[in-house]
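Residues 1 to 250 in this note's numbering are what the sequence shown lists, from first letter to last.
Let me begin by presenting the structure, written as structure tokens, before commenting on it.
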Amino acid sequence: MGHAFISAGTKGLGMQVVKAFLDAGHRVTTTYFRDEQRAKEIKEQYADKQLLVLQADVCNKHDLHNAVQQAKTHFGTIDYLINNAGPFIFERKKLLDHSEKEWDQMVRGNLDSVYHLLTLTVPEMRQQQFGRIVTYGFQGANTAAGWVNRSAFSAAKVGLVSLTKTIAYEEAENGITSNMVCPGDIVGEMKEATISESRQFEDAKTPIGRSGTGEDIARTVLFLCHEDSDMITGNVMDITGGMDVIHQNR
1 MGHAFISAGT
11 KGLGMQVVKA
21 FLDAGHRVTT
31 TYFRDEQRAK
41 EIKEQYADKQ
51 LLVLQADVCN
61 KHDLHNAVQQ
71 AKTHFGTIDY
81 LINNAGPFIF
91 ERKKLLDHSE
101 KEWDQMVRGN
111 LDSVYHLLTL
121 TVPEMRQQQF
131 GRIVTYGFQG
141 ANTAAGWVNR
151 SAFSAAKVGL
161 VSLTKTIAYE
171 EAENGITSNM
181 VCPGDIVGEM
191 KEATISESRQ
201 FEDAKTPIGR
211 SGTGEDIART
221 VLFLCHEDSD
231 MITGNVMDIT
241 GGMDVIHQNR
């Protein structure tokens, strides 16, 4: 089994991704930002699994470097890089209402962080002629959709679309794939919920009739990381249940 590095996996969508990799028998390194109590709870919950939990700010390249080095020392080469972390500004505001600090946080956390993690992991993936990279976007990112009142976040993610595809093309010869998953409107408890839990509640906003969940994302990520998924690379996959996320709350 391989070693997955999953950023920000102690809560939210990332928690189900961590669970999926652990349940599949993989070794997992994940990071958390500030919630030390939650990190402790996750470690205790999976005490019987091969899980390493590290503190890191994805906006800080030195934190990322230290986390990757600790992960490699503990579990060896990273086979799966899951860029789950993605800072987000919940308040809806126009571009000119963003502070420079907010803009920097969106770009550093959603785009620069992936660059740094790629430089720290891809060389060894090349050596072993195998690697899987997954990034996160938003519905419609593949067509560079404008997203009203989400300018900083969307700009960083659309840049990440191009980076995701470029790495896919550049590293295909080395047995490395790179794909992006784009979650729909998964909010609140549904981020950490299972598919069976979501089916207990009707969601009129989503055409398929239920809310998306963390498990929906985790299942897709795990599939993309399978050894036999090597024909799938450079793809941007919407996982929205048919919902138009971009235009529902303009």
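Heads up, the beta-carbon is just placed ideally off N, CA and C, and yes, glycines get one too.
- Taking 7 Å as the cut-off, the Cβ atoms of F153 and C182 do not count as close.
- Counted as a single uninterrupted DSSP element, the alpha helix (DSSP H) harbouring A155 occupies residues 151–171.
- When rounded, the separation of the alpha-carbon atoms in S162 and Q16 is 26 Å.
- Selection K49, H62, V148 evaluated against F75 yields K49 as nearest (Cα-Cα).
- Runs of the alpha helix (DSSP H) spanning 4 or more residues and lying entirely within the segment 82–115 occur at 100–107, in chain order.
- Counting every other CB atom within 10 Å of its CB across the protein chains shown gives S198 a total of 16 or more, marking it as buried.
- Looking at the DSSP output, F5 bridges to T29, L81.
- Remark: C-beta atoms of Q129 and N179 do not approach each other more closely than 7 Å.
- Distance between V221 and E192, taken at the CA atoms: about 15 Å.
- A residue is called buried when at least 16 other Cβ atoms come within 10 angstroms of its Cβ; R150 meets this threshold and is buried.
- Taking 7 Å as the cut-off, the beta carbon of K165 is found no closer than this to the beta carbon of A141.
- Boundaries of the alpha helix (DSSP H) around I42: 36–45.
- Exposure of M1 is indicated by the presence of fewer than 16 other C-beta atoms within 10 angstroms of its C-beta.
- DSSP places G76 in no beta strand (DSSP E); its state is neither H nor E.
- Taking the Cα positions, Q200 is about 8 Å away from R210.
- The Cβ neighbour count for Q37, taken over all protein chains shown within 10 Å, is under 16; the residue is labelled exposed.
- Check the Cα spacing between P87 and each of I186, S229, A8, R219: the tightest is with A8.
- Within the same chain, Cβ atoms closer than 8 Å to the Cβ of G184 are found at Q139, T206, G212, D238, I239, T240, G241, M243, V245, the five residues on either side in sequence being excluded.
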